[in-house]
Amino acid sequence: MGYIGPPQRVLVVDDVAINRQLVVEYLAPLGFEVGEANSWAALERRISESDWDLVVLDVRLGDAYSIEKLPELKAAMTRPIPVMGFSASVLKNEVEEALAAGFDDFLSKPFREEDLFLKVGRLLRIDWQTEATEAGAAVQTDATAGEIRISAEALQQLRAQANTGNAKRLKVLLSKMAESESDGPRLAATLNPMLEAYRMSDIRRFLAELEPVAGE
249 MGYIGPPQRV
259 LVVDDVAINR
269 QLVVEYLAPL
279 GFEVGEANSW
289 AALERRISES
299 DWDLVVLDVR
309 LGDAYSIEKL
319 PELKAAMTRP
329 IPVMGFSASV
339 LKNEVEEALA
349 AGFDDFLSKP
359 FREEDLFLKV
369 GRLLRIDWQT
379 EATEAGAAVQ
389 TDATAGEIRI
399 SAEALQQLRA
409 QANTGNAKRL
419 KVLLSKMAES
429 ESDGPRLAAT
439 LNPMLEAYRM
449 SDIRRFLAEL
459 EPVAGE
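All letters in the sequence shown, in the order written, are residues 249 to 464 by the working numbering.
Set out below in structure tokens:
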């Protein structure tokens with residue numbers, strides 16, 4: 249998966265390293281130039297260092313409440329840059345407050361990979377490209393959920409991983425099941441093209457229709 253056009257520069261601002269790392273791991277392989285900042289002071293330095301195209305900003309950044317400080321950030325920009333709020337809070341009022349304050353979108357933590365791509369694509373007006381092939385599409389058509397046999401334990405693991413939205417981990421799990429489950433290779437052949445296209449909703453729908461086989 250990738251996108252059409254010149255490299256886009258994204259600044260990820262969060263005081264928790266693993267949160268920044270997760271966004272970097274998703275975006276950098278797709279051709280984005282990703283920078284990081286771990287505090288409001290670091291954000292103020294970095295915003296003037298490069299010509300960023302998008303800022304992903306933690307709403308509660310240490311002692312700083314980004315919703316209140318957003319006007320300062322926008323005033324320091326040499327040109328309008330979209331800012332996406334990033335928070336573990338799922339409170340509706342905080343999301344509404346962030347959007348009213350000037351955030352261009354909001355991503356709740358933990359997030360699904362497809363949600364990140366959807367919002368980043370919309371804010372940057374990106375045309376996504378996938379590597380899904382016609383052959384892969386044919387495999388998806390030929391193999392239906394009703395034809396694949398898989399154990400209840402394996403199916404539970406797959407559904408749980410699919411619900412997290414982490415395509416990389418799901419691909420690893422599919423690879424293991426291709427060796428441990430009787431229909432594992434067919435299942436992997438069916439789902440891998442969807443993974444390449446980050447069609448997580450289709451994958452979850454497929455797995456929901458899959459019936460476990462007792463004793464497998």
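Positions of the beta carbon are idealized from the N, C-alpha and C atoms, including for glycine.
field: Length of the line joining the Cα atoms of residue 431 and residue 399
entry: On the sequence shown, residue 431 is found 183 positions in, with the first residue counted as 1. On the sequence shown, residue 399 is found 151 positions in, with the first residue counted as 1. Cα-Cα distance, rounded: 10 Å.
query: If we ignore side chains and look at the alpha-carbon of each, how far apart do residue 424 and residue 435 end up?
result: Taking the sequence shown and counting its residues from 1, the one referred to as residue 424 is at position 176. Taking the sequence shown and counting its residues from 1, the one referred to as residue 435 is at position 187. Approximately 11 Å, taken between the alpha carbons.
task: May I ask you to report which of helix, strand or coil DSSP gives residue 264?
output: As a first step, residue 264 is located in the sequence shown; it is residue number 16 there, counting from the start. Of the three classes helix, strand and coil, the one that applies to residue 264 here is coil, per DSSP.
task: Might you give, ordered along the chain, the residues of its own chain that have their beta carbon closer than 6 Å to the beta carbon of residue 450, omitting 5 neighbours on each side?
output: As a working note, residue 450 is residue 202 in the sequence shown. Counting only Cβ-Cβ distances below 6 Å, and skipping sequence neighbours, we find 442.
- request: Give the DSSP-derived three-state secondary structure of residue 319 in the structure shown.
  value: Along the sequence shown, one-based indexing puts residue 319 at 71. Note: residue 319 maps to helix in three-state DSSP.
task: Mind checking who residue 283 pairs with in its DSSP beta bridge?
output: As a position in the sequence shown, residue 283 is number 35, starting the count at 1. Answer by DSSP bridge pairing, in chain order: 259.
- prompt: Taking the alpha-carbon positions, what's the residue 465 to residue 444 distance?
  reply: What the structure shows of the chain is the stretch from 249 to 464, and residue 465 is not part of that stretch, so it cannot be assessed.
- prompt: Can you name, in chain order, every residue of its own chain whose Cβ lies under 7 Å from the Cβ of residue 389, other than the five neighbours on each side?
  reply: Locating residue 389 in the sequence shown gives position 141, counting from the first residue. Because the pLDDT at residue 389 is just 39, under 50, the model does not fix this residue reliably, and the point stays unresolved.
field: Same chain, Cβ closer than 8 Å to residue 409, neighbours up to 5 away in sequence not counted
entry: Locating residue 409 in the sequence shown gives position 161, where the first residue counts as 1. Within the same chain, residue 409 has close Cβ partners 417, 418, 421.
message: Can you tell me which residues form a DSSP beta bridge with residue 305?
response: Here residue 305 corresponds to residue number 57 of the sequence shown, with the count starting at 1. Paired residue(s): 261, 333.
field: Burial state of residue 414 (16 or more Cβ within 10 Å)
entry: By one-based count along the sequence shown, residue 414 stands at place 166. Looking at its Cβ environment, which holds 16 or more other Cβ atoms inside 10 Å, residue 414 is buried.
- prompt: For residue 448, which option in 284, 359, 268 has the closest C-alpha, if you only look at C-alpha atoms?
  reply: By 1-based counting over the sequence shown, the position of residue 448 is 200. The residue with the shortest Cα to Cα distance from residue 448 is 359.
- prompt: How would you label residue 256, buried or exposed, when you count the other beta carbons within 10 angstroms and need 16 or more for buried?
  reply: Numbered from 1 along the sequence shown, position 8 holds the residue referred to as residue 256. Per the 10 Å Cβ criterion, buried.
- prompt: Can you check whether the CB of residue 351 is closer than 8 Å to the CB of residue 331?
  reply: The residue labelled residue 331 in the question sits at position 83 within the sequence shown. The residue labelled residue 351 in the question sits at position 103 within the sequence shown. Closer than 8 Å, so yes.
task: Could you tell me which residues DSSP pairs with residue 402 in its beta bridges?
output: Position 154 of the sequence shown, counted from the first residue, corresponds to residue 402. The partner list for residue 402 (beta bridge, DSSP) is empty, contrary to what the question assumes.
Through-space distance from residue 458 to residue 401, alpha-carbon basis: Locating residue 401 in the sequence shown gives position 153, counting from the first residue. Locating residue 458 in the sequence shown gives position 210, counting from the first residue. Answer to the nearest angstrom: the Cα atoms are 13 Å apart.
message: I need the boundaries of the beta strand (DSSP E) containing residue 354, first residue and last residue.
response: As a first step, residue 354 must be located in the sequence shown, where it is residue number 106. Per DSSP, residue 354 belongs to the beta strand (DSSP E) from 353-356.
message: Quick check on residue 440: buried or exposed, where buried means 16 or more other Cβ atoms within 10 Å of its Cβ?
response: By one-based count along the sequence shown, residue 440 stands at place 192. Here residue 440 is buried. Its C-beta has 16 or more other C-beta atoms within 10 Å.
message: Could you compute how far the alpha carbon of residue 261 sits from the alpha carbon of residue 411?
response: By one-based count along the sequence shown, residue 261 stands at place 13. By one-based count along the sequence shown, residue 411 stands at place 163. Their backbone Cα atoms lie some 25 Å apart in a straight line.
- request: Using alpha carbons as the reference points, say which of 289, 319, 311, 281 lies closest to residue 298.
  value: Here residue 298 is taken as the residue at index 50 of the sequence shown, counted from 1. Checking every option, the nearest Cα to that of residue 298 belongs to 281.
- prompt: Which residue or residues does DSSP assign as beta-bridge partners of residue 377?
  reply: Taking the first residue of the sequence shown as 1, we reach residue 377 at position 129. According to DSSP, residue 377 bridges with 250.
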